[in-house]
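A.B. asks:
Numbering (the UniProt record's numbering), first residue to last: 1 to 95.
(1) Put residue 78 into one of helix, strand or coil per three-state DSSP.
(2) Take the Cβ of residue 18 as the centre, count every other Cβ of all protein chains shown within 10 Å, and call the residue buried at 16 or more, exposed below.
(3) Could you tell me which uninterrupted beta strand (DSSP E) segments, each at least 3 residues in length, are contained entirely in the UniProt domain "FAD-binding FR-type" (1 to 95), listed from first to last along the chain?
(4) Could you pull out every residue in the same chain whose Cβ sits closer than 8 Å to the Cβ of residue 49, ignoring the five residues on either side in sequence?
(5) Taking contact to mean at least 3 C-beta pairs separated by less than 8 Å, is the segment 2 to 13 in contact with the segment 47 to 61?
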């Protein structure tokens, strides 16, 4: 399994607990609609937690998009994700 580093181009709130994260798409990266990948925040101290998320962009787009429900009251991965911003990096795996 290969890891890829992607840069966040936008992180916008759709509502109070749903975040849309858009990243660049690594060259040659392909997936089938409905597939998911593990996301990890590529920062020291945050790079030990990961979780699987389904792609919400279509495979033909030049970017990757994820729409993620944030559970701020849990001490889990999505709680950490609510703090990402454009320019931050994520590590993703193969679909």
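Positions of the beta carbon are idealized from the N, C-alpha and C atoms, including for glycine.
C.D. replies: The relevant details are as follows:
(1) On the chain shown, position 78 is the one that residue 78 refers to. In the structure shown, residue 78 sits in a helix (DSSP, three-state: H, G or I).
(2) Along the chain shown, read from residue 1 onward, the residue named residue 18 stands at position 18. Its Cβ having fewer than 16 others within 10 Å, residue 18 is exposed.
(3) 4 to 15, 18 to 24, 36 to 41, 50 to 54, 63 to 69 and 89 to 92
(4) Mapped onto the chain shown, residue 49 falls at position 49. Here residue 49 has 40, 41, 76, 77 and 80 as same chain residues with Cβ atoms under 8 Å from its own Cβ, once five neighbours each way along the sequence are excluded.
(5) no
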